[in-house]
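Let me begin by presenting the structure, written as structure tokens, before commenting on it.
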Amino acid sequence: MTTGARDDAPPGDIRREAAQDGTRRQAPADSVRREAPPDGICREALPDGVRRELVGAPHPVLTARALPVDPTDPQVVAAAADLLASMRRSRCTGLAAPQIGLGWRLFSIDVSRHPGTRSCAGELVVANPRLVAASHWATAREGCLSVPGLTGDVSRATRVTIQGERPGSGAPLIVHADAFEARCIQHQMDHLDGVLFLDRVTGTRAVYRVVQKGVRQVT
Numbered sequence: 001m002t003t004g005a006r007d008d009a010p011p012g013d014i015r016r017e018a019a020q021d022g023t024r025r026q027a028p029a030d031s032v033r034r035e036a037p038p039d040g041i042c043r044e045a046l047p048d049g050v051r052r053e054l055v056g057a058p059h060p061v062l063t064a065r066a067l068p069v070d071p072t073d074p075q076v077v078a079a080a081a082d083l084l085a086s087m088r089r090s091r092c093t094g095l096a097a098p099q100i101g102l103g104w105r106l107f108s109i110d111v112s113r114h115p116g117t118r119s120c121a122g123e124l125v126v127a128n129p130r131l132v133a134a135s136h137w138a139t140a141r142e143g144c145l146s147v148p149g150l151t152g153d154v155s156r157a158t159r160v161t162i163q164g165e166r167p168g169s170g171a172p173l174i175v176h177a178d179a180f181e182a183r184c185i186q187h188q189m190d191h192l193d194g195v196l197f198l199d200r201v202t203g204t205r206a207v208y209r210v211v212q213k214g215v216r217q218v219t
């Protein structure tokens, strides 16, 4: 994915706030701040995972809405570990469960080595993510390992806040992200809703073929 972007914001900021239902949570949510170190408290203790084969379009799992999961279920914990292993071996900045053939609401990210990184929660897996705030839109180039050979210009929020759960403990989690990390999170969350980046390109002229090998892509 390219790091250059241009402002492309709709009038005003779209902001989705968490519902204030007055209920008391059993445990306070962990908040992943922008200054968090890549290998610090942000990473949940997970078992060793295995690299799984990636699923490519037009596989139906990539266009279906993924299902919520129990983050403490051993199968979900194993899948989270496999997502991390697959992300590391694929040398990408994120993977969603549908990309390894699982229709579950689960994704991993790690933007710590990307040159466009401004905020960084480190290596992280999130179950049942929910977008609660988004603002400051910009357009930038994206690619995806499930759609090889193509990139496209996509407009996304450059500041987001999401809520979710940690696989394993099931603890509530809040992530605040800017710039490339915010874009990566939204890309992964799209996968959980059966949406590919090509569904969001700014126009038919905004799709490009990859001609240079070894380009690092958002997945």
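Numbering (the UniProt record's numbering), first residue to last: 1 to 219.
Using N, Cα and C, we set each Cβ at its ideal position, and we do this for glycine too.
Using three-state DSSP, classify residue i as helix, strand or coil.
| i | result |
| --- | --- |
| Leu150 | strand |
| Leu136 | As written in the sequence, residue 136 is His, which differs from the Leu given in the question. Residue state, collapsed to three classes: strand. |
| Arg127 | Inspection of the sequence shows that residue 127 is occupied by Ala rather than by Arg. Reduced to three states, the DSSP call for Ala127 is strand. |
| Val69 | coil |
| His114 | coil |
| Arg91 | coil |
| Glu53 | coil |
| Ala64 | coil |
| Arg108 | The residue asked about is misnamed: residue 108 is Ser in this sequence, not Arg. Strand at Ser108. |
| Val76 | helix |
| Arg183 | helix |
| Leu173 | strand |
| Arg166 | coil |
| Thr204 | helix |
| Thr178 | Correcting the residue identity first, residue 178 is Asp in this sequence and not Thr. In this structure, Asp178 counts as strand in the three-state DSSP scheme. |
| Ala81 | helix |
| Ala97 | helix |
Assuming residue i and residue j make a contact with CB atoms under 8 Å, what is their CB distance in whole Å?
| i | j | result |
| --- | --- | --- |
| Arg200 | Val154 | 5 Å |
| Asn128 | Gly152 | Actually they are not in contact, since the Cβ atoms of Asn128 and Gly152 sit about 28 Å apart, beyond 8 Å. |
| Cys144 | Phe197 | 6 Å |
| Val207 | Leu150 | 6 Å |
Is residue i near residue j, with beta carbons less than 8 Å apart?
| i | j | result |
| --- | --- | --- |
| Leu173 | Val126 | yes |
| Ala134 | Leu106 | no |
| Arg51 | Ser86 | yes |
| Pro47 | Val77 | yes |
| residue 289 | Asp82 | Residue 289 falls outside the range modelled here, since the chain spans only 1 to 219, and no answer is possible. |
| Trp104 | Leu67 | yes |
| Thr72 | Gly168 | yes |
| Arg156 | Arg183 | yes |
Can you give me the Cβ contacts of residue i inside the same chain, cut-off strictly under 7 Å, excluding the 5 residues immediately before and after it?
| i | result |
| --- | --- |
| Gly40 | The pLDDT assigned to Gly40 is 33, lower than 50, so where the model puts this residue is not dependable; a value taken from the coordinates is nonetheless given after this. Within the same chain, Gly40 has close Cβ partners Gly122. |
| Arg209 | Gly149, Leu150 |
| Val160 | Leu131, Ala133, Ala134, Ala177, Ala182, Ile185, Gln186 |
| Ala9 | Confidence is the limiting factor: at Ala9 the pLDDT is only 36, short of 50, which leaves the residue's position unreliable and the question unanswerable from this model. |
If you drop the 5 nearest sequence neighbours on each side, which residues of the same chain put their C-beta closer than 8 Å to that of residue i?
| i | result |
| --- | --- |
| Gln75 | none |
| Ile162 | Val126, Pro129, Arg130, Leu131, Val132, Ile174, Val175, Ala177, Ile185, Met189 |
| Arg25 | For Arg25, the pLDDT reaches just 41, beneath the cut-off of 50, and the residue's location in the model is therefore unreliable, leaving the point undetermined. |
| Ala45 | Gly168 |
With a CB to CB cut of under 6 Å and the five nearest residues on each side skipped, what residues in its chain are close to residue i?
| i | result |
| --- | --- |
| Ala179 | Arg118, Thr158 |
| Thr63 | Gly194 |
| Arg65 | Asp193, Gly194 |
| Arg89 | Arg51 |
| Leu95 | Leu83, Ser86, Met87, Ser108, Thr219 |
For residue i, would you say it is in contact with chain D, using Cβ-to-Cβ distances shorter than 8 Å as the test?
| i | result |
| --- | --- |
| Val50 | Protein chains in the displayed structure number just one, and chain D is not present. |
Query raised in the report: With a cut-off of 8 Å, do at least 3 Cβ pairs link the segment 88–99 to the segment 188–199?
Result: yes
Query raised in the report: So does the segment 54–72 actually touch the segment 132–141, counting three or more Cβ pairs closer than 8 Å?
Result: no
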